[in-house]
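**Student:** Numbering (this note's numbering), first residue to last: 1099 to 1611.
This structure is in structure tokens; I'll ask about it shortly.
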């Protein structure tokens, strides 16, 4: 009888529950489907007939698993919310209040680990917030009405600090410290309402201090000291309102001074000296507000002068002198506004002259003399705007004239070659390297001109009473063609005129030492 009563009581409870459920049951409607007709969104209503109210909205993944559930009130999200990945792991959970996030919200990774925790008030970030990576905390911050406010920390995977700082009204404020993975400080920066303000320090990976300085309202200020990778002093300079002012010094690894200078308004100013690691002066320059202006001296490692020059507005101006290491001058060149302009001289290391001449607008202009290494004259040339023009004379080591050439805009038009006794060996008229006329003699003075240059020509001659030639001219038809020349009584040429089909090319007076 007890068994019958028990079963009857269970039946009674089930019937009672069923009747209660039917009387209080909610209406569920599918409001959106996937193209495959799989339900996508359904809504749960309460109430009857035209008084139905949405209580809950449920979304599904395409595979049929639950995507999200949210409670509603007056058609607004209000109450608990939860969402899921398509593998059924929780994705996010939290609460809404009047359609805005409220309180603590948690996001998870697809593997079920906490990804982040954020706190809200009326939909705005407010309170403590944490971000995780692979299950370990990566950052911790605080918000007030959606703005960062208070402590801000970043962490390495092992939980040690990576960054420690503070925010005020969403900008950095106060002391900020960065750490390396060994928990050694790597940087300290001070802020005031978002701007760097106060001391700054930086360390390298070996924990050596490599920089000390200060900022004033985001601008570098006061004395800054830099150190090398081993923590030894490298350089010092001073800033004011972000610009370099005053003394600048730098040092070699051995502690000896390497640079000594000064800045004004962020520009190099006055005298700057550079030194080698053995304290000898390497170079010295003078600046005026960033531009080279004044004398400059460069030295060899042994301390002897290598070069002296002068600058004006960062361009070489005046005489530039360059020396060999033994102290002997190598060159002396005049400049104007950075361009070679004026006389120049070149010397060999044995103090013998090598070249002397003149520049105009950075091009050879006028007479240029050159010497052999023995000190004997080698040539005398004439230039016009960088091109050979007029006469060039070339000498042998015994200072005998070997050749004379006449140029026009770098093109050789007439050439005279001599034997060692100054007697003429060959005369040539050229055009673009092609020989148009030529006469040749042997060392005895006997003419050996090729027939091709004789055929079609004739000569007119005059003689002294002693029988020596006084004057001679070559014609082609009625026009002078080739050479017209005059001699003294010893048959030495005094003057030669050169013609080509009646056109006079050159008139040359021959001088003898």
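Backbone N, C-alpha and C fix where the C-beta goes; we use that ideal spot for every residue, glycine too.
Work out the CA separation of residue 1477 and residue 1413 for me, nearest whole Å.
**Tutor:** In a straight line, the C-alpha of residue 1413 is about 32 Å away from that of residue 1477.
**Student:** Closest to residue 1265 by C-alpha separation, out of 1257, 1285, 1294, would be which residue?
**Tutor:** Selected option, being the one with the closest Cα: 1294.
**Student:** Near residue 1151, which residues of its chain fall below 7 Å by C-beta distance, leaving aside the five closest residues on each side in sequence?
**Tutor:** Once the five neighbours on either side are set aside, the close Cβ partners of residue 1151 are 1143, 1144, 1145.
**Student:** If you count every other CB in all the chains shown that lies within 10 Å of the CB of residue 1280, and 16 or more means buried, which is it?
**Tutor:** Flag for residue 1280 reads exposed.
**Student:** Can you tell me the Cβ-Cβ gap for residue 1600 and residue 1577, rounded? I've got them flagged as a contact below 8 Å.
**Tutor:** Correct: roughly 3 Å between the Cβ atoms.
**Student:** I'd like the span of the beta strand (DSSP E) that includes residue 1551, first residue to last.
**Tutor:** Counting along the chain, residue 1551 falls outside any beta strand (DSSP E), and DSSP gives it neither H nor E.
**Student:** Taking only the alpha-carbon atoms, compute the straight-line gap between residue 1042 and residue 1581 and give it to the nearest angstrom.
**Tutor:** Absent from the structure is residue 1042, since the part of the chain shown begins at 1099 and ends at 1611.
**Student:** Would the beta-carbon of residue 1608 fall within 7 Å of that of residue 1591?
**Tutor:** Yes, the Cβ-Cβ distance between residue 1608 and residue 1591 is below 7 Å.
**Student:** Considering Cα atoms alone, identify which of 1291, 1275, 1282 is closest to residue 1269.
**Tutor:** Taking only the C-alpha atoms, the option nearest residue 1269 is 1291.
**Student:** Just to confirm the assignment, what range does the beta strand (DSSP E) spanning residue 1125 have?
**Tutor:** Per DSSP, residue 1125 belongs to the beta strand (DSSP E) from 1125 to 1131.
**Student:** Note the first and the last residue of the continuous beta strand (DSSP E) segment covering residue 1227.
**Tutor:** Start and end: 1225 to 1231.
**Student:** Pick from 1443, 1574, 1377, 1468: whose alpha carbon is nearest that of residue 1497?
**Tutor:** With distances taken between Cα atoms, residue 1497 lies closest to 1468.
**Student:** Based on the DSSP output, what are the partners of residue 1580 in its beta bridges?
**Tutor:** 1597, per the DSSP bridge assignment.
**Student:** Label residue 1120 either buried or exposed according to how many other C-beta atoms from any shown protein chain fall within 10 Å of its C-beta, with 16 as the threshold for buried.
**Tutor:** Low per-residue confidence applies at residue 1120: pLDDT is 34, beneath 50, and the placement is therefore not dependable enough to give any value.
**Student:** Note down, in chain order, each residue of its chain lying with its Cβ closer than 8 Å to the Cβ of residue 1423, except the 5 sequence neighbours on either side.
**Tutor:** Here the set comprises 1398, 1400, 1402, 1404.
**Student:** For the beta strand (DSSP E) containing residue 1536, name the first residue and the last one.
**Tutor:** Looking at the DSSP string, the run of the beta strand (DSSP E) that includes residue 1536 is 1532 to 1538.
**Student:** In angstroms, rounded to a whole number, what distance separates the CA positions of residue 1463 and residue 1363?
**Tutor:** Straight-line Cα distance between these residues: approximately 43 Å.
**Student:** Using the C-alpha atoms, what's the distance from residue 1437 back to residue 1298?
**Tutor:** For residue 1298 and residue 1437, the distance between alpha carbons rounds to 47 Å.
**Student:** Roughly how many angstroms separate the alpha carbons of residue 1501 and residue 1470, rounded to a whole number?
**Tutor:** Straight-line Cα distance between these residues: approximately 16 Å.
**Student:** From residue 1122 to residue 1190, what distance separates their C-alpha atoms?
**Tutor:** Below a pLDDT of 50, predicted positions are generally treated as unreliable, and residue 1122, at 46, falls in that range; the measurement from the model is reported next regardless. Near 30 Å, if we compare the C-alpha coordinates of residue 1190 and residue 1122.
**Student:** Of all the options 1338, 1339, 1324, which has the alpha carbon lying nearest to the alpha carbon of residue 1072?
**Tutor:** This structure leaves residue 1072 out entirely; the chain is present only between 1099 and 1611.
**Student:** Note down, in chain order, each residue of its chain lying with its Cβ closer than 7 Å to the Cβ of residue 1218, except the 5 sequence neighbours on either side.
**Tutor:** The answer, listed in chain order, is 1199, 1200, 1201, 1203, 1224.
**Student:** Should residue 1197 go down as buried or exposed, given a rule of 16 or more other Cβ atoms within 10 Å for buried?
**Tutor:** Label assigned to residue 1197: exposed.
**Student:** Taking all protein chains shown into account, decide if residue 1411 is buried (16 or more other Cβ within 10 angstroms of its Cβ) or exposed.
**Tutor:** Exposed.
**Student:** Measuring only the C-alpha atoms, how far is residue 1567 from residue 1527?
**Tutor:** Residue 1567 and residue 1527: Cα-Cα distance of roughly 23 Å.
**Student:** From the DSSP output, in three-state form, read off residue 1564 for me.
**Tutor:** Coil, per DSSP.
**Student:** Confirm, please, whether the CB-CB distance from residue 1594 to residue 1579 is below 7 Å.
**Tutor:** The answer is no: Cβ separation not under 7 Å.
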